[in-house]
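Since the structure comes first, as structure tokens, the remarks are kept for the end.
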């Protein structure tokens, strides 16, 4: 089960491009109000060194629905770690860094160990650690400062749209009060695939605004796969560890 959740979270970034965070001296969008909103989005980014907590993940595809509890730890810009359990019994672990992607499952006694290039080959498009992190903390998956966007205010908030780059349409909706992501939508019409991420609730923890619920819908070729992530508890800037050792005797598998 963690493999499916793990793959879907990665699939949720399947149409984002590689690239590390870079200092930006200017903002490509010319609209003055849009520039102000973009600046506030990045000024209001949750600043923390570490995060830990519990999540509830519900996975659904055409065949079944299943839920799993996840222990979650993050060292910002460096590592994301998850341990899955069902009915209190550990069943899988995942450990992701900017240079490595690993997980193993106890039930099937299998594991995967590689990097983002292998995952990108499997998904058919490049992705990276930063985009995954942005999705989990409520930031725009793409850097809004580096491309020009059409800007408008809608009843739900501030909307940015770019549909002329790399055969990909991008839409980002920011909350008018917190300037956090309300919704993100990426689509490749020629490939008949799209990603929609919505944030139905945010929470304030230790003065930081962080998602409470994230809904991810990945569509490809008419098939839809959903995952609903709910943060049940969160704490920041404590000591965290990332215990991850693949048990001996497990069989290595490919992401297929």
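In mature numbering (1 follows the signal peptide of the UniProt record, and there is no 0), the protein residues as written are -23 to -1, 1 to 233. In this text, a Cβ means the ideal position worked out from N, Cα and C, and glycines have one as well.
Alpha helix (DSSP H) segment containing residue 107, residue limits:
From DSSP, the alpha helix (DSSP H) with residue 107 extends over 106 to 114.
Q.
I'd like to check one pair, residue 153 with residue 130: are the Cβ atoms closer than 9 Å?
A. yes
List the whole-angstrom C-beta distance separating residue 73 from residue 49, where the pair is believed to meet the contact cut-off of C-beta under 8 Å. About 12 Å separates the two Cβ atoms, so there is no contact after all.
query = How long is the line joining the alpha carbons of residue -6 and residue 42, rounded to whole angstroms?
reply = With a pLDDT of only 33 at residue -6, under the threshold of 50, the placement of this residue in the model should not be trusted; the figure read from the coordinates follows. Those two C-alpha atoms are separated by around 32 Å.
Which partner residues of residue 136 appear in the DSSP bridge assignment? Listed as beta-bridge partners of residue 136 by DSSP are 129 and 150.
- Query: Helix, strand or coil: how does DSSP classify residue 228 here?
  - Reply: strand
Q. If you draw a straight line from the alpha carbon of residue 194 to that of residue 166, how long is it in whole angstroms?
A. 16 Å
Cut-off 8 Å between Cβ atoms - residues of its own chain near residue 200, not counting five sequence neighbours on either side
38 and 39
Continuous alpha helix (DSSP H) stretch holding residue 14: start and end = Where residue 14 is concerned, the enclosing alpha helix (DSSP H) stretches over 9 to 20.
Within the same chain, show all residues whose beta-carbon is closer than 6 Å to that of residue 61, passing over the 5 residues directly before and after it, in chain order.
-> Cβ within range, chain order: -22, 45, 47, 68 and 69.
**Prompt:** Can you tell me whether residue 86 is buried or exposed, with buried defined as 16 or more other CB within 10 angstroms of its CB?
**Reply:** With a threshold of 16 other beta carbon atoms within 10 Å, residue 86 falls short and is exposed.
Tell me which same chain residues have a C-beta within less than 8 Å of the C-beta of residue 223, skipping the five on either side of it? 79, 81, 88 and 90
Does residue 168 get closer than 9 Å to chain C when you measure Cβ to Cβ?
Although the question refers to chain C, the structure presented lacks it and comprises just one protein chain.
So what's residue 219 in DSSP terms, helix, strand or just coil? DSSP places residue 219 in coil when its eight states are reduced to three.
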